[in-house]
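Trainee: Sharing a structure here in structure tokens format.
Residue numbers (my numbering), protein chains in the order written: chain S, 2 to 210; chain D, 2 to 210.
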């Protein structure tokens, strides 16, 4: 009898732990969204500010992300994942130069939107980790560059990985130029496209107008 | 009499302070040289390691550089100054494309040599400060780009400051590619030159072979 009473009083342990897991997942999602938007305004935002924006206590936040670096890493990975959904929609068929222009426009939109989050990430994560988190977007550029090389419209005298790195660094340099007030956000995509298409052009061939 | 004895015993205060200043300058020079070479091997080297390499005590070092960031800043400025002496020797006359190739070769030699020091600087100094410390080398590139634009060999549809930024970022991206083991140090100067000359070529004109 006692044992049966106990069973009635105690909620089903499986249901309880599922409820806890759902709570935890809601908290993690709220923390990551808050981190992306808070660091997206203020790259040096503190863990307390992010916890406050997420509507959770600091103890809860630290339970999921033991330190600020872990949190910035997870927020950056979260933003990249969101970006991947957008980039997956870009039409990469047809003339590789036109496809590259479309991919740059969409990628730049993301870099520009997550500019301040990128600064936050660069200030605490090593370059190797930033590169690792960019593996999927980098692989997409790589496939397009390879196709352009096979079709003879992109240069083959420099390695594919080098060309991918050039596109990456020209985009991030645009973010720096905007931060320094030397380039207008509205001009950036055209500047990046003109620069990258020129640098991908085979020697002896004219730079696209 | 007592005062005359005192005067004889006490060294000339001016000579003493000049001696102290000379000591201080020797210490600062030793600390900066040690910081450049220590951070140039290990970007995360500690203040103690740098003090040890300089042959001075930690207290002496902290007397000149109150914290590690100040020391990294001064070491980076010291390296740029040394670089400026080398870059000042580069012949920038004649065909702007050939002059740019020579300037890239010398600049790359410096970036490659100070690659690890740059990582140390990037991990503690804001991008704006790194740019400020590069003001003199950037001005030299800018003058050459302007000359090439006037002579019609470099593009004028993108701002000069943008083109200078592109050269800067392609060089630093090469340093990242080497750190990641994807580019060989010996290939880098040729890759950078090919990329930068292509990206500076006016639309409609052929990319230099």
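Even for Gly, the Cβ is constructed at its ideal location relative to N, Cα and C.
For residue 124 of chain D, which residues of its own chain have a beta-carbon under 8 Å away from its beta-carbon, when the five flanking residues on both sides are left out?
Mentor: Here residue 124 of chain D is taken as the residue at index 123 of the second chain, counted from 1. These residues qualify, in order along the chain: 44 and 45.
Trainee: Mark residue 177 of chain D as exposed unless 16 or more other C-beta atoms lie within 10 angstroms of its C-beta, in which case mark it buried.
Mentor: Residue mapping note: residue 177 of chain D aligns to position 176 of the second chain, counting from 1. So residue 177 of chain D counts as buried.
Trainee: Kindly say whether residue 129 of chain D, judged by its beta-carbon, lies nearer than 8 Å to any beta-carbon of chain A.
Mentor: Absent here is chain A; the protein component of the structure consists of chains S and D.
Trainee: Quick check on residue 186 of chain D: buried or exposed, where buried means 16 or more other Cβ atoms within 10 Å of its Cβ?
Mentor: Along the second chain, one-based indexing puts residue 186 of chain D at 185. Under this definition residue 186 of chain D is an exposed residue.
Trainee: Indicate whether at least one CB of chain D lies closer than 8 Å to the CB of residue 68 of chain S.
Mentor: Walking along the first chain from the start, residue 68 of chain S turns up at place 67. Answer no: the Cβ-Cβ gap between residue 68 of chain S and chain D never drops below 8 Å.
Trainee: Please give me, in chain order, every unbroken run of the alpha helix (DSSP H) with length at least 4 that falls completely inside the segment 107-147 of chain D.
Mentor: 116-125 and 128-134
Trainee: Let me confirm a value: residue 151 of chain S is counted as buried when at least 16 other C-beta atoms fall within 10 Å, else exposed. Which label applies?
Mentor: Start at 1 with the first residue of the first chain, and residue 151 of chain S comes out as number 150. Exposed, because fewer than 16 other Cβ atoms sit within 10 Å of the Cβ of residue 151 of chain S.
Trainee: Can you tell me whether residue 13 of chain D is buried or exposed? The criterion is at least 16 other CB atoms within 10 Å of its CB, across all chains shown.
Mentor: Sequence index remark: in the second chain, residue 13 of chain D carries index 12 (1-based). Per the 10 Å Cβ criterion, exposed.
Trainee: Checking contacts by CB at 8 Å: is residue 236 of chain S closer than that to chain D?
Mentor: The displayed coordinates of chain S run from 2 to 210. Any statement about residue 236 of chain S would go beyond what the structure contains.
Trainee: What residue ranges within the segment 8-32 of chain D form continuous alpha helix (DSSP H) runs of no fewer than 4 residues, ordered along the chain?
Mentor: none
Trainee: Checking 8 Å against the spacing of the C-beta atoms, do residue 142 of chain D and residue 104 of chain D come in under that value?
Mentor: Looking up residue 142 of chain D in the second chain gives position 141. Looking up residue 104 of chain D in the second chain gives position 103. Yes.
Trainee: Is residue 206 of chain D close to chain S? Criterion is C-beta to C-beta, closer than 8 Å.
Mentor: Counting from 1 along the second chain, the entry for residue 206 of chain D is found at position 205. Contacts with chain S at 8 Å (Cβ-Cβ) include residue 206 of chain D.
Trainee: Counting C-beta neighbours from all protein chains within 10 Å, is the total for residue 170 of chain S 16 or more, i.e. buried, or is it exposed?
Mentor: Against the first chain, residue 170 of chain S aligns to sequence position 169. Buried, because 16 or more other Cβ atoms sit within 10 Å of the Cβ of residue 170 of chain S.
Trainee: Cutting at 8 Å between CB atoms, please list the residues of its own chain near residue 3 of chain S, excluding the five before and the five after it.
Mentor: Indexing the first chain from 1 puts residue 3 of chain S at position 2. Only weak support exists for where residue 3 of chain S lies, its pLDDT of 44 falling under 50; the coordinates are left without a value.
Trainee: Check the Cβ-Cβ distances between residue 4 of chain D and every residue of chain S, and say whether any is below 8 Å.
Mentor: Position 3 of the second chain, counted from the start, is the residue given in the question as residue 4 of chain D. Reliability of the predicted coordinates at residue 4 of chain D is poor, the pLDDT of 45 falling under 50, and the value obtained from them is presented with this limitation in mind. No, because no Cβ of chain S sits closer than 8 Å to the Cβ of residue 4 of chain D.
Trainee: Tell me whether the segment 57-65 of chain S and the segment 154-168 of chain S touch, counting them as touching only if at least three CB pairs, one residue from each stretch, are closer than 8 Å.
Mentor: Output reads no: the segment 154-168 of chain S does not touch the segment 57-65 of chain S.
Trainee: Let me check one thing: in DSSP terms, what residues is residue 207 of chain S bridge-paired to?
Mentor: For this step, residue 207 of chain S is matched to residue 206 along the first chain. Per DSSP, D/207.
Trainee: Report all residues from its chain with a CB closer than 6 Å to the CB of residue 139 of chain D; omit the five preceding and five following residues, and keep chain order.
Mentor: Mapped onto the second chain, residue 139 of chain D falls at position 138. Cβ-Cβ distances below 6 Å link residue 139 of chain D to 165 in the same chain, with the five nearest sequence neighbours on each side left out; the list follows chain order.
Trainee: Would you mind stating whether residue 91 of chain D and residue 196 of chain S have Cβ atoms separated by less than 8 Å?
Mentor: In the second chain, counting from the first residue as 1, residue 91 of chain D sits at position 90. In the first chain, counting from the first residue as 1, residue 196 of chain S sits at position 195. Cβ distance not < 8 Å, so residue 91 of chain D and residue 196 of chain S don't count as in contact.
Trainee: I need the DSSP call for residue 290 of chain S, collapsed to helix, strand or coil.
Mentor: A query on residue 290 of chain S cannot be resolved here, the shown segment of chain S reaching from 2 to 210 and no further.
Trainee: Taking 8 Å as the CB-CB limit, is residue 8 of chain S close to chain D?
Mentor: Position 7 of the first chain, counted from the start, is the residue given in the question as residue 8 of chain S. With a pLDDT of 47 at residue 8 of chain S, under the threshold of 50, the modelled position of this residue cannot be trusted; read the value that follows with caution. Taking a beta-carbon distance threshold of 8 Å, residue 8 of chain S does not count as an interface residue toward chain D.
Trainee: Quick one: what's got a C-beta closer than 8 Å to residue 147 of chain D's C-beta in the same chain, skipping five residues either side?
Mentor: By 1-based counting over the second chain, the position of residue 147 of chain D is 146. Taken in chain order, the residues that qualify are 161.
Trainee: Report yes if the CB atom of residue 77 of chain S is closer than 8 Å to the CB atom of residue 106 of chain S, and no otherwise.
Mentor: Within the first chain, residue 77 of chain S is the residue found at index 76, counting from 1. Within the first chain, residue 106 of chain S is the residue found at index 105, counting from 1. The answer is no: Cβ separation not under 8 Å.
Trainee: Return no unless some Cβ of chain S is closer than 8 Å to the Cβ of residue 178 of chain D.
Mentor: On the second chain, residue 178 of chain D is found 177 positions in, with the first residue counted as 1. So, interface residue.
Trainee: What are the start and end residues of the alpha helix (DSSP H) that includes residue 69 of chain S?
Mentor: As a position in the first chain, residue 69 of chain S is number 68, starting the count at 1. Unbroken alpha helix (DSSP H) run through residue 69 of chain S: 69-88.
Trainee: At a CB-CB cut-off below 7 Å, which residues of chain S make contact with residue 47 of chain D?
Mentor: In the second chain, residue 47 of chain D corresponds to position 46, counting from 1. Simply none; closest approach about 17 Å.
Trainee: Can you tell me whether DSSP reads residue 170 of chain D as helix, strand or coil?
Mentor: By 1-based counting over the second chain, the position of residue 170 of chain D is 169. Of the three classes helix, strand and coil, the one that applies to residue 170 of chain D here is helix, per DSSP.
Trainee: Taking only beta-carbon positions, decide if residue 97 of chain S is within less than 8 Å of chain D.
Mentor: For the purposes of this step, residue 97 of chain S is taken as residue 96 along the first chain, with counting starting at 1. Not closer than 8 Å to any Cβ of chain D, the Cβ of residue 97 of chain S fails to qualify, so no.
Trainee: Leaving out the 5 sequence neighbours to the left and right, which residues in its chain are closer than 8 Å to residue 38 of chain D when beta-carbon positions are compared?
Mentor: Counted from its first residue, the second chain places residue 38 of chain D at position 37. Counting only Cβ-Cβ distances below 8 Å, and skipping sequence neighbours, we find 54.
Trainee: Please decide whether residue 142 of chain S counts as near chain D, where near means a Cβ-Cβ distance under 8 Å.
Mentor: By 1-based counting over the first chain, the position of residue 142 of chain S is 141. So, not an interface residue.
Trainee: In angstroms, rounded to a whole number, what distance separates the CA positions of residue 59 of chain S and residue 50 of chain S?
Mentor: For this step, residue 59 of chain S is matched to residue 58 along the first chain. For this step, residue 50 of chain S is matched to residue 49 along the first chain. Near 9 Å, if we compare the C-alpha coordinates of residue 50 of chain S and residue 59 of chain S.
Trainee: What is the C-beta distance between residue 48 of chain S and residue 72 of chain S, in whole angstroms, given that I count them as a contact (C-beta under 8 Å)?
Mentor: As a first step, residue 48 of chain S must be located in the first chain, where it is residue number 47. As a first step, residue 72 of chain S must be located in the first chain, where it is residue number 71. That belief holds up - the Cβ atoms of residue 48 of chain S and residue 72 of chain S are roughly 6 Å apart, short of 8 Å.
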